[in-house]
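Chemist: Using the numbering used here, you'd call the opening residue of the sequence shown number 3 and step up by one each time.
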Amino acid sequence: MGEMEGDVAELTHLMQRFSWVDYVVFVFMLAISAVVGVYWGFLKKQTTQADYLLGGRNMQVVPVSMSLVASFVSGITLLGSPTEVYMHGTQYAFIIGAIFLMSLIMTQIYLPVFHELKITSNYEYLSIRFDNKVRLFGSILFAFTLIGWLPIVIYVPALAFNQVTGVDIHVITPIVCLVCIFYTSAGGLQAVVWTDVIQITAMFGAMALVAIKGTIDVGGIGVVFQRNMDSERIEMPNWDPNPLTRHTIWSLVIGGTIYWLQANAVNQTMVQRYLSLPTLKGAKWAVFLFCIGISFLYCFCLYCGLLIYARFHDCDPLQTKLAKAKDQLLPLLVMDVLGDIPGLPGVFVAGIFSAALSSLSTSLNSMSAVVLEDFYKPFFSKQLSDRQSSWLMRGVVILLGTICVGLVFIVEKMGTILQLTMTLESMTMGPQLGVFTMGILMPWVDATGALVGGVSGVAIMSWWCLTSQLAIARGQITHPHKSLSTSGCTYNFTIADSIVEDPVISDVDVNPVLRVSYMWYTLAGAMVSICVGAVVSRINRARGKPHLPPAPRLLAPQLRKLYKEPPHPTDEPYIRAYGQNKETCQTNSTSINMKPIAESEEIS
Numbered sequence: 003m004g005e006m007e008g009d010v011a012e013l014t015h016l017m018q019r020f021s022w023v024d025y026v027v028f029v030f031m032l033a034i035s036a037v038v039g040v041y042w043g044f045l046k047k048q049t050t051q052a053d054y055l056l057g058g059r060n061m062q063v064v065p066v067s068m069s070l071v072a073s074f075v076s077g078i079t080l081l082g083s084p085t086e087v088y089m090h091g092t093q094y095a096f097i098i099g100a101i102f103l104m105s106l107i108m109t110q111i112y113l114p115v116f117h118e119l120k121i122t123s124n125y126e127y128l129s130i131r132f133d134n135k136v137r138l139f140g141s142i143l144f145a146f147t148l149i150g151w152l153p154i155v156i157y158v159p160a161l162a163f164n165q166v167t168g169v170d171i172h173v174i175t176p177i178v179c180l181v182c183i184f185y186t187s188a189g190g191l192q193a194v195v196w197t198d199v200i201q202i203t204a205m206f207g208a209m210a211l212v213a214i215k216g217t218i219d220v221g222g223i224g225v226v227f228q229r230n231m232d233s234e235r236i237e238m239p240n241w242d243p244n245p246l247t248r249h250t251i252w253s254l255v256i257g258g259t260i261y262w263l264q265a266n267a268v269n270q271t272m273v274q275r276y277l278s279l280p281t282l283k284g285a286k287w288a289v290f291l292f293c294i295g296i297s298f299l300y301c302f303c304l305y306c307g308l309l310i311y312a313r314f315h316d317c318d319p320l321q322t323k324l325a326k327a328k329d330q331l332l333p334l335l336v337m338d339v340l341g342d343i344p345g346l347p348g349v350f351v352a353g354i355f356s357a358a359l360s361s362l363s364t365s366l367n368s369m370s371a372v373v374l375e376d377f378y379k380p381f382f383s384k385q386l387s388d389r390q391s392s393w394l395m396r397g398v399v400i401l402l403g404t405i406c407v408g409l410v411f412i413v414e415k416m417g418t419i420l421q422l423t424m425t426l427e428s429m430t431m432g433p434q435l436g437v438f439t440m441g442i443l444m445p446w447v448d449a450t451g452a453l454v455g456g457v458s459g460v461a462i463m464s465w466w467c468l469t470s471q472l473a474i475a476r477g478q479i480t481h482p483h484k485s486l487s488t489s490g491c492t493y494n495f496t497i498a499d500s501i502v503e504d505p506v507i508s509d510v511d512v513n514p515v516l517r518v519s520y521m522w523y524t525l526a527g528a529m530v531s532i533c534v535g536a537v538v539s540r541i542n543r544a545r546g547k548p549h550l551p552p553a554p555r556l557l558a559p560q561l562r563k564l565y566k567e568p569p570h571p572t573d574e575p576y577i578r579a580y581g582q583n584k585e586t587c588q589t590n591s592t593s594i595n596m597k598p599i600a601e602s603e604e605i606s
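1. Can we say the region 112–122 touches the region 192–203, given the rule of at least three CB pairs closer than 8 Å?
2. With a threshold of 16 other CB atoms inside 10 Å of the CB of Glu86, please say whether the residue is buried or exposed.
3. Which stretch, first to last residue, makes up the alpha helix (DSSP H) that contains Arg555?
4. Determine, using beta carbons only, whether Ala357 and Ser83 come nearer to each other than 8 Å.
5. Rounding to the nearest angstrom, what Cα-Cα distance links Ile479 and Gly432 in this structure?
6. Under 8 Å: do the region 342–359 and the region 95–103 share three or more Cβ pairs, one atom per stretch?
7. With C-beta atoms as the reference, is Ala528 less than 8 Å away from Thr439?
8. Going along the chain, which residues of its own chain have a beta-carbon closer than 8 Å to the beta-carbon of Arg313, five neighbours each way excluded?
9. In the DSSP assignment, find the alpha helix (DSSP H) that holds Lys323 and state where it starts and stops.
10. Decide if the region 452–460 is in contact with the region 531–551; the criterion is three or more beta carbon pairs, one per stretch, under 8 Å apart.
11. Does DSSP put Met521 in a helix, a strand or coil?
12. Taking the alpha-carbon of Asn269 as reference, which of Leu561, Val166, Ser470, Tyr125 has the nearest alpha-carbon?
13. Can you give the Cα-Cα distance for Leu386 and Tyr276, rounded to whole angstroms?
14. Can you tell me the Cα-Cα spacing of Met429 and Ala473, whole angstroms?
15. Please find out if some non-hydrogen atom of the ligand ADP comes closer than 7 Å to the beta-carbon of Thr404.
16. Taking Cβ positions, are Ala213 and Tyr305 nearer each other than 8 Å?
17. Can you give the Cα-Cα distance for Met68 and Asn542, rounded to whole angstroms?
18. Could you compute how far the alpha carbon of Phe132 sits from the alpha carbon of Gln560?
19. Let me confirm a value: Lys286 is counted as buried when at least 16 other C-beta atoms fall within 10 Å, else exposed. Which label applies?
20. Which of helix, strand or coil does DSSP assign to Met89?
21. Applying the criterion that 16 or more other CB atoms from any shown protein chain within 10 Å of the CB defines a buried residue, is Arg137 buried or exposed?
22. Please look up how many angstroms separate the CB atoms of Val410 and Ile156, rounded, as I've assumed it's under 8 Å.
23. Give a yes or no on whether the C-beta atoms belonging to Ser363 and Thr186 are separated by under 8 Å.
24. Am I right that Met108 and Leu254 are in contact with their C-beta atoms under 8 Å? What's the rounded C-beta distance?
25. Buried or exposed: Ala544, going by 16 or more other Cβ atoms within 10 Å of its Cβ?
26. Just to confirm, are His315 and Ser365 a CB contact at a threshold of 8 Å?
27. Pick from Cys293, Thr322, Pro347: whose alpha carbon is nearest that of Leu64?
28. Which residues bound the alpha helix (DSSP H) around Ile682?
29. Let me confirm a value: Asn367 is counted as buried when at least 16 other C-beta atoms fall within 10 Å, else exposed. Which label applies?
30. Could you tell me which of Thr175, Val181, Phe302, Ala267 sits nearest to Val399, measuring between CA atoms?
31. So which of Gly441, Gly345, Lys484, Pro551 has the shortest CA-CA distance to Val26?
32. How about Asn134 and Pro380: do their beta carbons lie closer than 8 Å?
33. Looking at Gly91 and Lys484, is the spacing between their C-beta atoms short of 8 Å?
34. May I ask which residues mark the beginning and end of the alpha helix (DSSP H) holding Met369?
35. In angstroms, rounded to a whole number, what distance separates the CA positions of Ile202 and Ile130?
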C-alpha cells in the first residue's frame, strides 16, 4: 500500500476494501460446504448411527488426517500464533517438538485401547473400565468445555472479517454458523471430513499467499529475519528450569506434550475420527500425518508473526490503534499486502473462517455422539431406532449451534471472558487426561478412586486458574513483551498508553503458585487427579473393598502380559476371595468387559 498517510480513522476505512470479487470468493467457500452437506445428507443418506457418527468405520487415512488438522486449528490458532511471535518472540515455536512426542505416546498407549474396543464415544471406555458415574463425569467435563470454547472459535474470525470489511460481527456470525449447522446436521461425519479437506486447503492457501506476498513487499526473507534478529524476537531455547518463566524449553516440550496428549489422545472430537478408520495401522498413520500437517501450519503461522513485525517494526499498529485488538494484527497485514489485488483478501478470510467452520462442525458432531452414547443410552432403557437416533443427533447439532451463536453476544460484551474461557480448558483438560491414564496404565485404581481423583483435579485447577487470571486482570502478574516502536509512523494517531509498557510486575501478596507458567497447567491437573485417585484406591483396598482387576484389553498393550484375564465374577475362586454370592457378583460384572483377547487380535 506504500506509505501510510492521514489519520488512523482514514487508514482504517481505506483498509476495509473488500471488493465484490472478495465477497464472491467468500460466499463460494460457504456454498461448497453447503453442497457437501446436501450430497452426504440427501444423495448419500446416512442410514445408521455408525454412518452418521463414524462414516461407517470405513473412512480413508488421508482425508481423515486433513480433517484432524483442520478441526484442531481454529481461527484462534491462525490469528493468535502470529500475535504471540509479534509480542513475545519465537520461543513458542519449540512446542512443535511436543507434537511428535505426543504422537509416540498416543500411538503406543492410548489409541490401541480405544480402537480395539470399537466404541463410538471414548467416554464409553470409562464405563467399561470403571462405572457410569465416571463416564458421566468425563462427558460433562467435555460438554462444559465445548460450550465455553465454541463461542470464541466463532467470535475470533468474525473480528477478522470486521477488520477487513467493516461488517458487524452479529451479521456475519449467524450466516456462517447456519451453513455449518446445516451441513453438519445433514451429512454427519462424512460431510464434516470432506468439508474439512476443502477448508484445510483454503487455510494453507491463505497463509501461503500472505507469507509469499508479504515477504516480497518487505524486501525478502533476509530482511524479515534481520529485523526480527535485531529486536531479539528470534530466540534460542530457554533452558531456565524455573517453572515461573512463561515459556522455556522444559514447559513447551514436557508441558506441551501433556497438553497435546489430552487434546488429541483422549478428546472426543479427535478420537472419533481415529475410530472411523477401519484398522489400527491406518489410525496410527493418521496420527503421524496429523503431526506433519499441524507442524507445517504452525510454521506458517509463526513466520507470519515475524512478517508482521518486519512490516510494522517502526510503527506498531496496536499503540496507534490501527488494530483495535491483538487478534486483528494478521488481518491488518493481509489488507496491507493483499488489499490491492481483488479476490486475495477474500481467500484469506475464507481460510480463517474455514478454520472456525471445521472446529465448529467437528465439535457439534462429537457432541451429538456424546449426548446419544453417554447421556441417553446409559440412563434410559428404551432402545432408539436408527431414525430416532438420527433425529436426536441432528437436534443436538442444531440446539448446540444455536446456543453458541447466542453466546457470541456475551463474549463480545464481556471482554475479559475471552481470557477466562481459554482458561476453562486448563481447568478440565488435565483431570480428564488423568482419569483416562488411571484406567489405561494403573490397573489397581478403582471407580471410586478415579471419580474422586477427577473431581479433586477439577476443583484444584479451577481455583488455580481462576485465581491466576484474576491476578493478571488486576495487574499483579504481567509478562513483559518485546520492544515496540512508533518512531517511523507517517500518519496521525493518539498513542494507546496501555500498550507502550506493561505494568510493573508486583510480587506483593501474590502466591508464587499463581505465577507458574500456563504450559504446566494440564500436567498439574493430570498429576493431582492421578495421585488422589491412587491414594483413594489404596485406602479402599486397605479397608477390604474388593477390586476386580480390569480385562487386559482395557490396559495399554505394554501392560497386558503382566495381568492375566481376571476370573469371571461367578467363578468359585472369585466368590471365595471376595465373599460374595453369585447374584451380587453378576451384578457387579455388568460394567466390566470380560471378553478375552483373541490371539489374532493382540497388538504387538
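Glycine included, every Cβ here is placed at the ideal spot set by N, Cα and C.
Modeler: Based on what the coordinates show:
1. Touching, no, given that fewer than three Cβ pairs across the two stretches are closer than 8 Å.
2. Start at 1 with the first residue of the sequence shown, and residue 86 comes out as number 84. Buried, since its Cβ has 16 or more Cβ neighbours within 10 Å.
3. Locating residue 555 in the sequence shown gives position 553, counting from the first residue. No alpha helix (DSSP H) contains Arg555, which DSSP labels as neither H nor E.
4. The residue given as residue 357 occupies position 355 in the sequence shown. The residue given as residue 83 occupies position 81 in the sequence shown. Taking 8 Å as the Cβ cut-off, Ala357 and Ser83 do not qualify as a contacting pair.
5. Within the sequence shown, numbered from 1, the residue matching residue 479 stands at position 477. Within the sequence shown, numbered from 1, the residue matching residue 432 stands at position 430. Ile479 and Gly432: Cα-Cα distance of roughly 23 Å.
6. These segments do not touch.
7. Taking the sequence shown and counting its residues from 1, one reaches residue 528 at position 526. Taking the sequence shown and counting its residues from 1, one reaches residue 439 at position 437. Yes, these two residues count as a Cβ contact at 8 Å.
8. One-based indexing of the sequence shown puts residue 313 at position 311. Hits under 8 Å: Gly216, Asp219, Val220, Leu335, Asp338, Val339.
9. Position 321 of the sequence shown, counted from the first residue, corresponds to residue 323. Where Lys323 is concerned, there is no enclosing alpha helix (DSSP H), given that its DSSP letter is neither H nor E.
10. Taking a contact to require three or more Cβ pairs closer than 8 Å, the region 452–460 and the region 531–551 qualify as touching.
11. In the sequence shown, counting from the first residue as 1, residue 521 sits at position 519. Correct three-state label for Met521: helix.
12. Here residue 269 refers to the residue found at position 267 when the sequence shown is read from its first residue. Per the Cα distances, Tyr125.
13. On the sequence shown, residue 386 is found 384 positions in, with the first residue counted as 1. On the sequence shown, residue 276 is found 274 positions in, with the first residue counted as 1. Distance between the alpha carbons of Leu386 and Tyr276: 25 Å.
14. Mapped onto the sequence shown, residue 429 falls at position 427. Mapped onto the sequence shown, residue 473 falls at position 471. Going by the C-alpha atoms only, they are around 16 Å apart.
15. Questions concerning the ligand ADP fall outside what the structure shown contains, since it holds no ligand whatsoever.
16. Locating residue 213 in the sequence shown gives position 211, where the first residue counts as 1. Locating residue 305 in the sequence shown gives position 303, where the first residue counts as 1. Against a cut-off of 8 Å, the Cβ pair of Tyr305 and Ala213 comes out as a contact.
17. As a first step, residue 68 must be located in the sequence shown, where it is residue number 66. As a first step, residue 542 must be located in the sequence shown, where it is residue number 540. Straight-line Cα distance between these residues: approximately 46 Å.
18. Taking the first residue of the sequence shown as 1, we reach residue 132 at position 130. Taking the first residue of the sequence shown as 1, we reach residue 560 at position 558. About 20 Å.
19. In the sequence shown, residue 286 corresponds to position 284, counting from 1. By the 10 Å Cβ count, Lys286 comes out buried.
20. Numbered from 1 along the sequence shown, position 87 holds the residue referred to as residue 89. In the structure shown, Met89 sits in a helix (DSSP, three-state: H, G or I).
21. Taking the first residue of the sequence shown as 1, we reach residue 137 at position 135. Flag for Arg137 reads buried.
22. Taking the first residue of the sequence shown as 1, we reach residue 410 at position 408. Taking the first residue of the sequence shown as 1, we reach residue 156 at position 154. The beta-carbon distance between Val410 and Ile156, rounded to whole angstroms, is 6 Å. This is short enough to meet the 8 Å contact definition.
23. Here residue 363 refers to the residue found at position 361 when the sequence shown is read from its first residue. Here residue 186 refers to the residue found at position 184 when the sequence shown is read from its first residue. By the CB criterion at 8 Å, Ser363 and Thr186 fall inside the cutoff.
24. For this step, residue 108 is matched to residue 106 along the sequence shown. For this step, residue 254 is matched to residue 252 along the sequence shown. About 18 Å separates the two Cβ atoms, so there is no contact after all.
25. In the sequence shown, the residue the question calls residue 544 occupies position 542. Looking at its Cβ environment, which holds fewer than 16 other Cβ atoms inside 10 Å, Ala544 is exposed.
26. The residue you call residue 315 lines up with position 313 of the sequence shown. The residue you call residue 365 lines up with position 363 of the sequence shown. The beta carbons of His315 and Ser365 sit no closer together than 8 Å.
27. As a first step, residue 64 must be located in the sequence shown, where it is residue number 62. Note that residue 64 is Val in the sequence shown here, rather than Leu. The option with the nearest alpha carbon to Val64 is Cys293.
28. The structure shown does not extend to residue 682, since the chain is modelled only from 3 to 606, so the question has no answer here.
29. Counting from one through the sequence shown, the residue named residue 367 turns up at place 365. By the C-beta density criterion, Asn367 is buried, having at least 16 other C-beta atoms within 10 angstroms.
30. Sequence index remark: in the sequence shown, residue 399 carries index 397 (1-based). Among Thr175, Val181, Phe302, Ala267, the Cα nearest to that of Val399 belongs to Val181.
31. Along the sequence shown, read from residue 1 onward, the residue named residue 26 stands at position 24. Out of Gly441, Gly345, Lys484, Pro551, Gly345 has the C-alpha closest to the C-alpha of Val26.
32. Reading the sequence shown from its first residue, position 132 is the one you call residue 134. Reading the sequence shown from its first residue, position 378 is the one you call residue 380. The Cβ-Cβ distance between Asn134 and Pro380 falls below 8 Å.
33. As a first step, residue 484 is located in the sequence shown; it is residue number 482 there, counting from the start. As a first step, residue 91 is located in the sequence shown; it is residue number 89 there, counting from the start. Between Lys484 and Gly91, the CB-CB gap stays under 8 Å.
34. Within the sequence shown, residue 369 is the residue found at index 367, counting from 1. Element bounds for Met369: 346–372.
35. Taking the sequence shown and counting its residues from 1, the one referred to as residue 202 is at position 200. Taking the sequence shown and counting its residues from 1, the one referred to as residue 130 is at position 128. It is roughly 36 Å from the alpha-carbon of Ile202 to the alpha-carbon of Ile130.
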